[in-house]
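Right, one structure below, let's go through it.
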Amino acid sequence: MLCFIRKVKIPLVAIWLPGRHPPTKRATIQSEVARISLYDLDLDALEAQLAAWGEPRAQARALAREIWRYLYREYSITPHDITPLPSSLQSQLHEEVSIPHPTLLRETLSPEGSTRKVLLGLEDGAQIEAVLLRYRRRYTACVSTQVGCACGCRFCATGHMGFVRQLARGEIVAQVIHFQRWLSEQDQAVSNVVFMGMGEPLLNLEETLGAIQRLTDPRGLAFAPGRITISTAGVAPGIVRLAEIHHHWPTKLAISLHAATDDLRDTLMPINKAYPLEDLYAAVATYTSQTGRRVLFEWVMIADINDSPEQAEALATWLRGLPAHVNLIELNPTAGYAGAPSSPEAVTAFSAILDRYAIPHTMRQRRGGSIYAGCGQLCVPSTRAEGTGPPPM
Ligand code: SAH
Ligand code: SF4
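Residues in the sequence shown are numbered consecutively from 692, following this note's numbering.
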């Protein structure tokens, strides 16, 4: 059980969740006012908290459900919004809990209006980006799982930032609620969630799973697990873990492959040294056989790097026996990486080889590139040398 089920004020360091990195200096200074984050609690923990504050059990259960409804159906962002509570509990909530709704620091809309990128400020001053993509009347929230990323993929702006800290489950859920709250004002709702923002979800697995539990809870946001996609750069043990828990959370899986030989993948994605292609294949085979699900493979097309006929052949060979779909993605420009998008001819030739091997694939349309909201372009703006990279398309 988490250690915050206590009425006393405790130092922030004591409620730092497993998997989170030590608090920043600023957070330590704020320890005097450390409060329970309501998004971090599941319904049972919330009920236990209310009981610990002296509410009789039956009352605690009813109140917990009421608070829960306000959080996940009304998208309340301060304890004051939760109006029908007894006034004693209102002031207790106000004093002891926070709803860690991130502060909107900047919002950017793409010229055609289909992509909305937000820069969000967290309680300790850390910043993250998240994106809402509209396709016809469907809205997909692309959320971050870490501040920065330790994986250091050469072509990725988040990788260039380096790793800052893990996000807590509540901070992940709060990004979805941010968009949901905005959409609800227009009678719309988030239809899909993709863990394709900043960070590597399988290197923050417990908090990512905690967020998925919260998102799929039928008493709350009630997302169907099939509307949630986890994307990984290839953390093999995490993929096996997802296979093991698939019956609970049958989410979709995407793998950022980008190279089908170890020598090339090592240079593009340093994580390949920890989990080389053979290990990755074994993990994916376990996943597909245990879940019966097809896996989506992402392949960023980089001119003269990974778009050769040899790489296409290697990819087709590597995929043999796996139920797979390949997404060929146009490289988005990022400052700090000099690679260029593949030419249309190279893409056509690559695609023809996949056709020859009967590998299902699509060329993914670039989205959000003009506002640096595309795949691999998310980072904290101070670390993005906007304007110094290749011009956005
Ligand atoms: N860490 C996870 C989740 C982030 S998803 C992962 O890597 O899968 C980000 C997606 O954008 C990944 O598929 C990544 O490979 C891709 N990507 C990174 N940099 C890119 C770029 N410059 N252009 C296009 N896609 C990029
Ligand atoms: Fe991290 Fe994914 Fe970017 Fe690689 S592509 S650096 S794993 S966010």
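Ideal Cβ placement from N, Cα and C applies to all residues, glycine included.
Could you pull the start and end residues of the alpha helix (DSSP H) that S1033 belongs to? Segment: none, S1033 is in no alpha helix (DSSP H) and carries neither H nor E.
Tell me, to the nearest whole angstrom, how far the beta carbon of A817 is from that of V809; I am working on the premise that it is less than 8 Å. 14 Å between Cβ atoms; not a contact.
Let me know the secondary structure DSSP gives V1071 once reduced to three states. coil
Closer than 7 Å by C-beta to V1071: which residues in its own chain qualify, once you throw out the five before and the five after it? Chain order, please. Q818, M852
For the alpha helix (DSSP H) containing H785, name the first residue and the last one. In the DSSP assignment, H785 falls within the unbroken alpha helix (DSSP H) covering 778-787.
Spatial neighbours of I1050 within its chain, please: CB distance less than 8 Å, with the 5 preceding and 5 following residues excluded, ordered by chain position. These residues qualify, in order along the chain: L1006, A1007, L1010, A1015, V1017.
According to DSSP, is Y766 helix, strand or coil? Coil at Y766, not helix or strand.
With a cut-off of 8 Å, do at least 3 Cβ pairs link the segment 980-989 to the segment 866-882? no
Supposed contact pair Q866 and V834 - C-beta distance, whole angstroms, cut 8 Å: 4 Å
For Q877, which of helix, strand or coil comes out of DSSP? The answer is coil: DSSP assigns Q877 none of H, G, I, E or B.
If you follow the alpha helix (DSSP H) that T907 is part of, which residue opens it and which one closes it? 896-907
Just the C-alpha distance for A915 and V855, rounded to the nearest angstrom, thanks. 31 Å
Quick check: the Cα distance between P1035 and P770, rounded to an integer number of angstroms? 54 Å
Kindly examine ligand 1 and report whether one of its heavy atoms sits closer than 7 Å to the Cβ of A924. For A924, the distance from the CB to the nearest heavy atom of ligand 1 is below 7 Å.
By the three-class DSSP mapping on this structure, what secondary structure does S999 have? The answer is coil: DSSP assigns S999 none of H, G, I, E or B.
Cβ neighbours of G1078 in the same chain (closer than 7 Å, five flanking residues each side left out): For G1078, the pLDDT reaches just 30, beneath the cut-off of 50, and the residue's location in the model is therefore unreliable, although a value from the coordinates is still provided. There are no such residues.
Quick one: measure Cβ to Cβ for M889 and V838, integer angstroms, because I've assumed they're closer than 8 Å. That belief holds up - the Cβ atoms of M889 and V838 are roughly 7 Å apart, short of 8 Å.
State buried or exposed for D731, treating a residue as buried only when at least 16 other CB atoms are found within 10 Å of its CB. For D731, the number of other beta carbons within 10 angstroms of its own is at least 16, and it is reported as buried.
8 Å Cβ cutoff met for Y966 and A1003: no
Suppose you measure from the CA of L754 to the CA of L776; what does that come to, to the nearest Å? 8 Å
Assigned secondary structure, D886 (DSSP; H/G/I helix, E/B strand, else coil): Strictly speaking, residue 886 in this sequence is Phe, with Asp absent from that position. It is a strand residue.
State the DSSP-derived secondary structure class of H1052, mapped to helix, strand or coil. strand
Alpha carbon to alpha carbon, how far is E935 from R827? Give it in angstroms, no decimals. 35 Å
Which first and last residues belong to the alpha helix (DSSP H) in which M852 is found? In the DSSP annotation of this structure, the continuous segment of the alpha helix (DSSP H) that includes M852 starts and ends at 848-852.
Separation of T1053 from E798, as counted between CA atoms: 30 Å
Answer yes or no: do C840 and T831 have a C-beta to C-beta separation smaller than 8 Å? The answer is no: Cβ separation not under 8 Å.
G839 - partner residues in DSSP beta bridges: In the DSSP output, where bridge partners are listed per residue, G839 has F854.
Which residue marks the beginning of the alpha helix (DSSP H) containing N966, and which one marks its end? It is worth fixing the name first, because residue 966 is Tyr in this sequence and not Asn. First-last for Y966: undefined, no H or E at that position.
Thinking L1019 and S1042 are a contact (beta carbons under 8 Å), I'd like their distance in whole angstroms, please. By a beta-carbon distance limit of 8 Å, L1019 contacts S1042. Their separation comes to about 7 Å.
Beta-carbon proximity list for L971, same chain, < 7 Å, skipping 5 on both sides: G925, A927
Would G843 pass as a contact of L893 if the rule is Cβ separation under 8 Å? no
For ligand 1, is there any heavy atom lying closer than 7 Å to the beta carbon of T1025? yes
Quick one: residues in its chain with C-beta nearer than 6 Å to the C-beta of K700, no 5 flanking neighbours on either side, listed in chain order? Because K700 carries a pLDDT of 28, less than 50, the predicted location of this residue cannot be relied on, and no value is offered for it.
Quick one: give me the first and last residue of the beta strand (DSSP E) that R807 is part of. 806-812
Go ahead and label A974 buried or exposed: buried means 16 or more other beta carbons lie within 10 angstroms of its beta carbon, across all protein chains shown. buried
For T899, collect the residues of the same chain with a Cβ closer than 8 Å to its Cβ; drop the 5 residues on either side in sequence, then sort them by chain order. The beta carbon of T899 is closer than 8 Å to those of T836, R860, I863, F886, P892, L893, I921 in its chain, skipping five residues each way along the sequence.
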